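Numbering (my numbering), first residue to last: 1181 to 1500.
Backbone N, C-alpha and C fix where the C-beta goes; we use that ideal spot for every residue, glycine too.
What you are looking at is a predicted structure, and each value in this text was computed from that prediction instead of being measured.
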């Protein structure tokens, strides 16, 4: 899939009310509405930094199980420190709307394990990060609301650097599912390049993959939909595994995904913004009129973001 490329450098270097910036913001909003994802160009992203980060995390997750367990914090719902393999469960196995979405997909587009009852073999490490929000400003501007709406809603949010690791010695066989079919519970998810190719291609250099999460879907009344995705060992993964064995025989054979979760503030009142919810209704009506398949209309109940996060964590077995 070729996603639209959004130029963050343009947004940061030119006046916010310039025609070029406003057009780029609209492009970002349209990409999120249409695809639930986009590619972000940011010249501050250095390939060398990404490689160093991947090396560091490969070494970390190559430690023994007993060493890694010292960083577990189950009493905090694993929201800081390490989450070991076979802990987190994909939500789709028990989520009726997700199962309906799978039913409507073409067979070639469906996740490999539709039931998704097995926990994921991936590991994670969560680390609290400071605030950002430039892309959130772009999205708000492009959606026609106050530019700082999302940034203010995310002030003091529990933003998390969350690299994910999969042991390809144990789980590197073709069609093994490393992360079951799911959406992300947060507002925006940002991915750097991994060493393995993705069906959604991230260009080399100063680029990041950004996906919409459930909080963005909720606050827009469904105008932007959270993106569903899974991580599976495919033929390209096998090729890279074999090449890495030859070219880097001394390095751990661990797949690292450098992931960042941008959240809204835990005490923010999460409710659809009226103007965006109205646009969502208009879009839904036009899709029905064109005979396109439309899911049952979801209900986005008002709640604190912290409650929404707790609800989602219970679904994926990270919170009792």
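CB contact flag (residue i, residue j, <7 Å)
i: residue 1339; j: residue 1443; result: yes
i: residue 1322; j: residue 1364; result: no
i: residue 1460; j: residue 1401; result: yes
i: residue 1261; j: residue 1255; result: no
i: residue 1292; j: residue 1412; result: yes
i: residue 1213; j: residue 1404; result: yes
i: residue 1344; j: residue 1441; result: no
i: residue 1233; j: residue 1434; result: no
i: residue 1301; j: residue 1336; result: no
i: residue 1184; j: residue 1211; result: yes
i: residue 1269; j: residue 1282; result: no
i: residue 1222; j: residue 1190; result: no
i: residue 1334; j: residue 1310; result: no
Environment of residue i [buried if 16+ CB atoms lie within 10 Å]
i: residue 1495; result: buried
i: residue 1318; result: buried
i: residue 1324; result: exposed
i: residue 1276; result: exposed
i: residue 1439; result: buried
i: residue 1376; result: Confidence at residue 1376 is low in this model, with a pLDDT of 49, below 50, so its placement is unreliable and the value that follows should be read with caution. Residue 1376 is buried by the Cβ-count criterion.
i: residue 1366; result: buried
i: residue 1237; result: buried
i: residue 1200; result: exposed
i: residue 1467; result: exposed
i: residue 1422; result: exposed
Selected residue, minimal CA-CA separation from residue i, among the options
i: residue 1224; options: 1386, 1365 and 1465; result: 1386
i: residue 1388; options: 1412, 1485 and 1219; result: 1219
i: residue 1449; options: 1489, 1427 and 1414; result: 1489
i: residue 1306; options: 1214, 1258, 1432 and 1477; result: 1258
i: residue 1356; options: 1299, 1332 and 1368; result: 1299
i: residue 1354; options: 1419, 1240, 1197 and 1463; result: 1419
i: residue 1315; options: 1422, 1304 and 1204; result: 1204
i: residue 1209; options: 1287, 1280, 1347 and 1397; result: 1397
i: residue 1360; options: 1479, 1271, 1227 and 1483; result: 1271
i: residue 1487; options: 1478, 1499, 1477 and 1476; result: 1499
i: residue 1227; options: 1462, 1470 and 1383; result: 1383
Continuous beta strand (DSSP E) stretch holding residue i: start and end
i: residue 1360; result: 1357–1362
i: residue 1221; result: 1217–1221
i: residue 1495; result: Residue 1495 -> not in any beta strand (DSSP E); alpha helix (DSSP H) instead, spanning 1485–1495.
i: residue 1371; result: 1368–1371
i: residue 1346; result: 1344–1347
i: residue 1187; result: 1185–1187
CB contact check: residue i to chain B, cutoff 7 Å
i: residue 1310; result: As a matter of chain content, chain B is missing from the structure shown, which is built from one protein chain.
Extent of the continuous alpha helix (DSSP H) to which residue i belongs
i: residue 1245; result: 1245–1249
i: residue 1395; result: 1394–1399
i: residue 1328; result: Segment: none, residue 1328 is in no alpha helix (DSSP H) and carries neither H nor E.
i: residue 1502; result: Since the first and last residues shown for the chain are 1181 and 1500, residue 1502 lies out of range.
i: residue 1230; result: 1227–1241
Whole beta strand (DSSP E) elements within the region 1254–1302, 3-residue minimum: Whole beta strand (DSSP E) segments, 3+ residues: 1261–1263.
Could you pull out every unbroken alpha helix (DSSP H) segment of at least 4 residues lying fully inside the region 1407–1478, listed in chain order? Within the region 1407–1478, the complete alpha helix (DSSP H) runs of at least 4 residues are 1415–1427 and 1454–1469.
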